[in-house]
Each structure stands twice: as C-alpha cells, then as structure tokens.
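The structure appears below as structure tokens.
Protein chains: 4
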Amino acid sequence: MTKGRLEAFSDGVIAIAITLLVLNLKVPVPGGTSLGHALARQWPSYLAYATSFLTIGVVWVNHHTMMRRLATVDHSILLLNMLLLMSIGVLPWTTAVLAEYLRNTSGQDLAAALYAGSFLVMSVIFYVLQRHTLLSTHLLREDVRRGADLDAIRRRARTGLLPYALATALAPLSAYVTIAICTVVVVFYALPSPLEAPAG
Amino acid sequence: MTKGRLEAFSDGVIAIAITLLVLNLKVPVPGGTSLGHALARQWPSYLAYATSFLTIGVVWVNHHTMMRRLATVDHSILLLNMLLLMSIGVLPWTTAVLAEYLRNTSGQDLAAALYAGSFLVMSVIFYVLQRHTLLSTHLLREDVRRGADLDAIRRRARTGLLPYALATALAPLSAYVTIAICTVVVVFYALPSPLEAPAG
Amino acid sequence: MTKGRLEAFSDGVIAIAITLLVLNLKVPVPGGTSLGHALARQWPSYLAYATSFLTIGVVWVNHHTMMRRLATVDHSILLLNMLLLMSIGVLPWTTAVLAEYLRNTSGQDLAAALYAGSFLVMSVIFYVLQRHTLLSTHLLREDVRRGADLDAIRRRARTGLLPYALATALAPLSAYVTIAICTVVVVFYALPSPLEAPAG
Amino acid sequence: MTKGRLEAFSDGVIAIAITLLVLNLKVPVPGGTSLGHALARQWPSYLAYATSFLTIGVVWVNHHTMMRRLATVDHSILLLNMLLLMSIGVLPWTTAVLAEYLRNTSGQDLAAALYAGSFLVMSVIFYVLQRHTLLSTHLLREDVRRGADLDAIRRRARTGLLPYALATALAPLSAYVTIAICTVVVVFYALPSPLEAPAG
C-alpha cells in the first residue's frame with residue numbers, strides 16, 4: 177500500500193462523510209406551521225451540522241499533518257486508519273440523532289452522549305494511530321525523525337481527548353453543555369493557534 | 177498542508193454536493209394523478225436543480241482559478257476554504273426547500289430568500305477568501321505577483337456579490353424574480369465572456 | 177483550467193452518480209408479503225440499476241478516451257462538460273422513476289421515455305462535446321492530430337445516437353422494448369469490439 | 177485507459193459505497209419507546225454496518241495489491257473491474273435488507289443469504305479479475321512476472337471464496353451463523369497475517 181493511495185482514499189471518505197451531513201437538514205412539510213417557524217425550530221440541526229462539519233474538517237487537517245510525517249505505512253496504520261474512517265463515517269448518523277432529540281423532552285441526554293461519545297471514539301482511535309506513527313520511527317521521514325519533538329506532539333494529542341471525555345460524561349447533566357463543549361473545542365482548533373500552525 | 181491536497185479535498189466536496197442535488201428530484205407516488213401531470217408540476221425542482229448545478233459548477237471553476245494563483249497556503253486560507261465548503265455543502269438543502277415551496281402559497285418568499293441568501297453567503301465567503309489570497313502577496317506565485325492586475329480581479333469579485341444581494345432582498349416581493357436573477361446570473365457566468373476566459 | 181483537474185472533477189461526479197444508483201434499491205417494509213415475494217417483485221429496479229450502472233460506466237470510459245486526445249481545454253469544453261455532468265447527474269432520478277413505474281399500469285410508457293430520453297440527451301451532449309474536440313484541432317495532442325481518422329470517430333459517435341432515439345420513440349408502444357434496447361446497447365458497448373479497443 | 181485513472185475511479189466508487197453505508201443507520205422516531213431502548217434494538221444495524229465497512233475496506237486493500245502488479249490494463253480488466261464495482265455498489269442495499277430483517281421472524285434467512293451471497297458474488301468477480309491479471313503475464317510488471325509465486329496467489333484467492341459460499345449456504349439454517357461467518361472472515365483478513373503483509 178503506498179502512502180499516497182491511503183491518503184487519497186481517506187480524503188475521499190472524509191469528503192463524502194462531511195458532505196452527507198447535509199442530508200440531516202430537513203425540508204419542513206408544507207401545510208403545517210409557517211415555513212419561518214418550522215425552520216427556526218430546526219436550530220439544533222444547524223448547530224449540529226456546523227459543529228460536525230468543522231470537526232470533520234479539523235480531523236482532515238490533522239490527518240494530513242500526521243500522514244505528512246510518514247515515509248511509508250505498515251499494516252497497523254492501514255487497519256487503524258480504516259477504523260478511524262469508520263468512526264468518521266458514522267458521524268452523519270450521530271449528528272442526525274442529536275438534531276432530532278436535542279429539543280425532545282426524553283432522549284436528549286442520551287443523544288448528546290452519543291454525539292460527544294462518537295467524537296471521543298474518533299479521537300481515541302486518532303490518538304492510537306498517531307501514537308503508533310510517532311513510536312514507529314522506522315516509518316517516519318528522515319527529517320521528521322531527527323527534527324521534531326515527537327513526545328510533545330503525542331502529549332498534546334492525548335490532551336485533546338479530555339474535552340470530549342468531559343462532554344460525554346456531562347451529557348446526563350445537560351445536553352446543551354455537552355454540545356457547547358463540542359462546539360467550543362472545534363472553534364478553538366479551527367482558529368489559528370499562536371503556538372503552532374495546524375496547517376502544518 | 178500542501179496546496180494540492182487542499183484542492184483535491186475541495187474538489188471532492190464540491191463534486192459530491194453537486195451530485196447530491198439529484199436527491200431533490202422526487203419520484204411521484206404511483207396511484208395519484210397521472211405521471212405526466214405529476215412530473216410537470218415538479219418544474220420548480222428542475223429549475224432549482226439546473227440553477228444550483230451550474231452555480232456550483234461556476235464556483236468550482238472560479239475556485240480553481242483562484243487556487244492556481246497561489247504558490248502555497250496559510251492557515252487563514254485553510255479556515256476560509258472550510259467555511260466556503262460548508263456554504264457549498266448546504267446548497268442541496270436550500271435547493272430542496274426552494275423546490276418544495278416555490279409553488280406553495282405560503283413560505284414561497286422565505287424559501288426564495290433562503291435560496292438566494294445561501295448563494296450570497298457563499299459568494300461573500302468566496303470574496304473574503306479571494307481578497308485574502310490577493311492581498312497576501314507572499315502566498316502568490318512569482319509570475320502572478322508581477323503580471324496580473326490584482327486590484328481589478330478583486331473589484332470584479334466584489335461586483336459579483338450585488339446580484340445575489342439584490343435577489344435575496346427582492347424575495348418578499350416575488351420569489352420568481354429572485355430565482356430568475358439567480359438563473360440569469362449563472363447563465364451569464366457560464367457563457368464565455370469576451371473580456372476574460374473564465375477557464376483561466 | 178488544467179485538463180487534469182477537469183478530468184478529476186468529472187471522474188468524481190461520475191463515480192458519485194454511479195454509486196448513488198443504489199439508493200433506488202428499496203428495502204421492502206417487513207410485515208406485508210414475504211421478503212422473497214417482495215424482492216422478486218422489484219425486478220425492474222435491478223434491471224434499471226444494472227443498465228444505468230453499465231451505461232454510466234461506458235460513458236466514463238468514452239469520456240476518458242475523448243479527454244486523452246486533448247492537449248488542453250477551452251471554455252466551450254468546460255461548459256459542455258458541465259452540461260454532460262448535469263445530464264449524468266440526473267440519471268439516478270430517471271432510473272428511480274423507471275424502476276417505480278415499469279410494472280405500473282399507467283405512466284409506464286412515460287417513465288420509459290424519460291429513461292431512454294435521458295440517455296439520449298446525455299449522448300447528444302457527449303456528441304456535441306466530442307465533435308467540438310475533434311474539430312478544434314489546436315486543442316488536440318500533436319500525435320492525435322496527425323494519426324487518427326477523426327472523421328471516422330465522429331461518424332461513429334453520431335451513429336451511437338440512433339439506438340437511444342429509437343428507444344425513446346418506441347416508449348409509447350412498449351416500455352419493455354425501450355428498456356430492452358437500452359440494455360442491449362450497453363452490453364454491446366461493454367463487450368470488447370473486434371474493430372476497436374474501447375479501453376483506448 | 178491508463179491504469180492510474182482506473183484506480184482513481186475505483187477508489188472513488190469504493191469510498192462512496194463505504195460511506196453510504198451510514199444511511200442504513202436509522203434515527204428512531206421520537207415519541208415511541210425510549211431512545212435508549214430504540215437504539216439498543218437496532219444492534220443488527222451496527223453489526224451489519226461494521227462488517228460491511230470492514231469487508232469493503234479489505235476489498236479496497238486487495239484491489240490495490242492486485243492493481244500494483246499490473247503494468248497496463250486491457251479491455252477485460254476494464255469490464256471485470258466495472259462488474260466488481262457494481263457488486264460493491266450494491267452492498268449498502270444488501271446491508272440495509274439484513275439490518276431490517278435480522279430480528280424479524282420471517283425473511284431473516286433470505287436476508288442473510290442475500291447479504292452473504294452479495295459478498296460471494298463480489299468475491300467471485302474479484303477472483304475472476306485476479307485470475308485474468310495473473311494469467312495475462314504481458315500485463316504484469318516486469319519484476320512481478322519474474323519474482324512472485326503467481327500460482328500460490330491464485331490458489332489463496334480461490335480459497336477465500338469458501339467461507340462466503342458456506343455462509344450463504346447456511347442461511348436457511350441460521351441467519352446468525354451466516355453473519356457470524358462474514359464477521360469472522362473480515363476480522364481474520366483485517367488482522368495482520370504472519371505469512372503475508374496484506375498491505376503489500
């Protein structure tokens with residue numbers, strides 16, 4: 177497996193998953209309440225759409241940064257990457273569940289836990305994959321192997337798991353807190369950091 | 177982030193969004209009115225499909241022309257491009273809302289405003305992105321930096337916002353005027369211009 | 177516009193349209209007739225799926241063969257190619273209409289005419305696009321310009337329009353004849369020809 | 177047809193099919209049983225999703241390994257590859273049928289047979305395609321032609337058909353045994369083998 181084709185395939189799956197999110201935006205059935213009212217009531221869909229879109233976008237950028245460090249790939253990377261794609265591919269569904277249940281009296285907390293939990297699972301798989309690439313120095317590019325502070329990258333990646341663990345754990349308390357954390361996290365990651373250029 | 181992968185990912189999202197438009201074309205339920213009658217009544221769907229398809233197509237061409245000027249990309253381009261893709265990704269939904277409500281007695285104007293408004297938002301983000309690329313001369317290719325009249329390109333891009341602002345503003349007056357403007361604009365852009373080759 | 181990016185974008189749209197065809201295959205609702213009976217009654221869906229899939233596949237091969245002759249692209253190619261992609265993008269819908277109405281007592285003929293007619297429109301656009309590329313000798317690759325019998329290619333492309341025109345015209349007579357012609361045509365094109373290698 | 181474009185198109189179709197699987201995960205309708213209960217009852221959907229996702233992933237890896245051996249492609253490869261893509265493109269549907277009927281009292285066995293049978297058909301086409309590439313030595317890369325034990329590769333590919341034939345045949349006995357075999361097979365293929373590196 178060449179690294180190039182693995183990247184191209186991953187790009188394809190991520191691009192499709194991010195675009196399929198739009199299928200969760202519903203067209204209100206004519207004849208009921210006014211269109212304006214019906215659209216306004218759908219605000220959880222818009223919030224969930226934007227948060228999921230940007231989260232997948234950030235994962236795509238991070239995925240690219242991680243792959244750029246590699247000179248070649250092994251079977252573990254192939255397998256972990258497939259699991260990562262599966263966890264990304266499932267996000268249009270968890271986003272749809274959240275959009276449907278966020279304003280519901282029952283199921284609200286579980287939907288939020290499922291939403292943040294799917295981000296957590298994705299982040300954990302990403303962390304394991306990244307950890308493997310950083311520890312398998314024979315897979316890294318010559319310049320990366322010497323230059324970068326690989327331990328610092330790994331520590332930072334692990335820290336990134338905390339907000340999603342927190343968001344998932346707080347879902348029984350308040351679904352709104354859960355989604356607020358997810359939204360804040362992605363805005364934080366999307367904005368340029370003074371410490372590092374996420375665009376790598 | 178290499179420019180090449182940013183372009184490939186953008187191409188992917190745009191290609192998927194443009195192809196997902198077809199999901200808005202409905203199959204009439206058998207048993208009601210005749211198929212011919214049912215298909216004819218769906219004409220707003222066909223108009224919305226064609227207009228949205230060509231609009232996304234024109235954006236794709238313009239996106240390519242813009243990216244070709246660049247030698248490299250920075251974090252702002254990455255972020256603005258992600259917002260642009262999000263605004264494109266949402267078009268199958270605004271197209272579906274328009275198709276559903278254009279012949280409806282109520283909601284017609286709001287659906288048209290949402291439709292033209294989504295094109296306006298997309299155009300504004302595109303303008304901001306293009307403006308950033310033209311002003312960040314260190315990102316431009318050597319030959320572009322010297323040769324082209326960058327101010328003229330920027331002025332022309334800004335002018336392109338006017339029709340969509342007008343179309344959105346006129347929606348309360350007549351939804352048909354709004355969609356007519358959107359259709360005329362894209363036909364105008366799609367046809368070869370005597371002044372410039374849009375194919376870049 | 178570089179030829180490479182035009183091809184990549186076209187490949188993307190064609191790959192998505194061909195894969196979206198699967199959404200027309202329905203899952204029978206449990207509880208009614210037996211699953212076996214329900215699946216068997218859906219045979220028009222399977223036939224329409226296979227015919228449309230192979231037809232889009234053949235168009236993709238022909239598209240590639242056509243693009244390979246080109247050294248560069250102009251604005252007309254860009255525009256005609258966008259129209260071609262639009263006519264391909266619409267096929268999952270015409271396929272769905274045929275699958276829904278082929279066994280229906282009314283609408284059967286119109287659905288078949290729409291199905292074959294969409295292939296006809298696609299073929300006409302393809303013919304116009306190919307004609308433009310063959311007549312615009314300054315766009316052709318040096319070796320193609322000298323070597324190939326361009327007139328023969330054009331005549332053969334024009335001949336390819338006849339079966340779809342016939343299939344569309346015969347729809348009022350029998351929807352089954354129409355779809356049979358479409359199926360025979362694509363099997364004929366898919367099988368290797370003793371005269372030419374469609375794989376180019 | 178260049179090998180590169182055939183691979184890119186195949187990657188596209190496979191990436192789309194694998195991502196469309198998510199559309200089979202349903203959002204429970206609010207108001208009935210609790211969300212937790214409704215989600216738990218959908219477990220066949222999750223199992224079918226994961227098994228199909230990984231199976232398509234393994235096919236993608238094997239497809240890449242097969243294509244890497246080739247120096248060029250002929251018309252038979254083009255045609256067989258199109259049939260392979262068609263058999264992959266149909267998997268979101270057979271997965272959906274299984275997910276819908278696995279817990280149903282009737283249709284369970286047929287749905288399982290359809291599911292395993294679609295894997296069997298895909299595997300048979302893959303085997304025929306691979307057999308053709310291995311026997312057409314003029315299509316192989318120079319180093320592959322000399323180095324590899326092509327007979328061993330072919331025998332191993334043929335052996336891979338057995339589990340799916342068995343899984344399909346056992347469906348009338350127990351749908352659960354059928355899906356268990358499919359799941360075990362893909363886990364077996366996904367895990368690294370001590371004998372060969374599937375990442376090739």
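Chains as they are written, first to last, in my numbering: chain P, 177 to 376; chain D, 177 to 376; chain Y, 177 to 376; chain S, 177 to 376.
For glycine and all other residues, C-beta sits at the position ideal for the given N, C-alpha and C.
In this text the structure is predicted, and so the values were computed from the model without any measurement.
Do you know whose CA, among P:A333, P:G293, P:W269 and P:V237, lies nearest N200 of chain P's CA? Closest by alpha carbon: P:W269.
Within 8 angstroms, do at least three Cβ pairs link the stretch 252-265 of chain D to the stretch 305-313 of chain D? Segments in contact, yes.
Tell me whether L367 of chain D is buried or exposed, calling it buried when 16 or more other Cβ atoms sit within 10 Å of its Cβ. By the neighbour-count definition (other C-beta atoms within 10 Å, threshold 16), L367 of chain D is an exposed residue.
is_contact[D421 of chain Y, chain S] using C-beta, thresh 8 angstroms: One cannot answer for residue 421 of chain Y here, as it falls past the ends of chain Y, which runs 177 to 376.
Which listed residue (P:G336, P:D319 and P:A289) has its alpha carbon closest to that of T354 of chain P: The candidate whose alpha carbon is nearest that of T354 of chain P is P:A289.
Do T209 of chain Y and F295 of chain Y have their beta-carbon atoms positioned less than 8 angstroms apart in this structure? No, they are not a contact pair.
DSSP puts L246 of chain S in a beta bridge; with which residues? According to DSSP, which records beta bridges pairwise, L246 of chain S is partnered with S:L316.
State the Cα-Cα distance for the pair V300 of chain S and L337 of chain S, rounded to the nearest angstrom. So the two alpha carbons sit approximately 7 angstroms from each other.
Interface partners of I192 of chain D on chain P, CB under 7 angstroms: Going along chain P in sequence order, the residues near I192 of chain D (Cβ under 7 angstroms) are A191, I192 and T195.
Is DSSP giving D187 of chain D helix, strand or coil here? Of the three classes helix, strand and coil, the one that applies to D187 of chain D here is helix, per DSSP.
Which bits of chain S does E276 of chain P rub up against, with CB to CB less than 7 angstroms? Going along chain S in sequence order, the residues near E276 of chain P (Cβ under 7 angstroms) are V203 and P206.
Check whether the stretch 216-223 of chain P and the stretch 215-227 of chain D touch, using three or more Cβ-Cβ pairs below 8 angstroms as the test. Of all C-beta pairs linking the stretch 216-223 of chain P to the stretch 215-227 of chain D, fewer than three are shorter than 8 angstroms, placing the two stretches out of contact.
If you measure between the beta carbons of G188 of chain D and D187 of chain P, is that distance less than 8 angstroms? The Cβ atoms of G188 of chain D and D187 of chain P sit closer than 8 angstroms to each other.
Specify the secondary structure class of L286 of chain Y as computed by DSSP and reduced to three states. If DSSP states are grouped into helix, strand and coil, L286 of chain Y belongs with the helices.
If the cut is a Cβ gap below 8 angstroms, which residues of chain B does R181 of chain S touch? Going by chain labels, chain B is absent from the structure shown, which instead holds the protein chains P, D, Y and S.
Using the three-state DSSP reduction, which class does Q218 of chain P fall into: helix, strand or coil? Note: Q218 of chain P maps to coil in three-state DSSP.
Helix, strand or coil at E372 of chain D [DSSP, three-state]: With a pLDDT of only 46 at E372 of chain D, under the threshold of 50, the placement of this residue in the model should not be trusted, and no figure is reported.
Chain D within 8 angstroms of L261 of chain P, Cβ atoms only: Not an interface residue.
Would you mind telling me which residues of chain Y sit closer than 8 angstroms to G265 of chain S, beta carbon to beta carbon, in chain order? Under the 8 angstroms cutoff, chain Y gives I194, T195, L197, V198 and F229.
Separation of L259 of chain P from I194 of chain P, as counted between CA atoms: Between I194 of chain P and L259 of chain P, the alpha-carbon positions lie close to 17 angstroms from each other.
Just the chain D side, please: which residues come within less than 7 angstroms of S210 of chain P by C-beta, in chain order? Identification of chain D residues near S210 of chain P by a Cβ-Cβ cut-off of 7 angstroms yields S282 and G283, ordered along the chain.
Minimum Cβ-Cβ distance from L286 of chain S to chain Y less than 8 angstroms: The Cβ of L286 of chain S sits closer than 8 angstroms to at least one Cβ of chain Y.
At what residues does the alpha helix (DSSP H) containing A275 of chain P begin and finish? Counting along the chain, A275 of chain P sits inside the alpha helix (DSSP H) bounded by residues L267 to Y277.
Determine the closest residue to Q218 of chain D out of D:G265, D:P204 and D:T359, with distance taken between C-alpha atoms. Checking every option, the nearest Cα to that of Q218 of chain D belongs to D:P204.
Once the 5 residues before and after V361 of chain S are set aside, which same chain residues still bring their CB inside 6 angstroms of it? For V361 of chain S, where only same-chain residues beyond five positions count, the Cβ hits under 6 angstroms are P339.
Just checking: is the beta-carbon of P268 of chain Y within a distance shorter than 8 angstroms of some beta-carbon in chain D? Yes, because at least one Cβ of chain D sits closer than 8 angstroms to the Cβ of P268 of chain Y.
For L182 of chain Y, which residues of its own chain have a beta-carbon under 8 angstroms away from its beta-carbon, when the five flanking residues on both sides are left out? The answer, listed in chain order, is M243, V249, I253, L254 and N257.
Determine the DSSP secondary structure at P204 of chain Y, reduced to helix, strand or coil. Coil, per DSSP.
Close-in-space but distant-in-sequence residues of the same chain around A272 of chain P (CB under 6 angstroms, 5 per side omitted): For A272 of chain P, where only same-chain residues beyond five positions count, the Cβ hits under 6 angstroms are N200.
Kindly indicate which three-state DSSP category G380 of chain Y falls into: helix, strand or coil? This structure cannot settle anything about residue 380 of chain Y, because the visible part of chain Y is limited to 177 through 376.
Proximity below 8 angstroms, CB of A275 of chain P to CB of A347 of chain P: No; because the gap between Cβ atoms is not below 8 angstroms, this pair is not in contact.
When you compare only the Cα positions, how much space is there between F185 of chain P and A191 of chain S? Taking the straight line from one Cα to the other gives about 6 angstroms.
Beta-carbon spacing of V267 of chain P, L315 of chain P below 8 angstroms: The question names Val, but residue 267 of chain P is Leu in the sequence shown. At a Cβ-Cβ threshold of 8 angstroms, L267 of chain P and L315 of chain P do not count as neighbours.
Quick check on A343 of chain Y: buried or exposed, where buried means 16 or more other Cβ atoms within 10 Å of its Cβ? Within 10 angstroms of the beta-carbon of A343 of chain Y lie 16 or more other beta-carbons, which makes it buried.
Segment limits, alpha helix (DSSP H) that includes A366 of chain D: First-last of the alpha helix (DSSP H) with A366 of chain D: A351 to A366.
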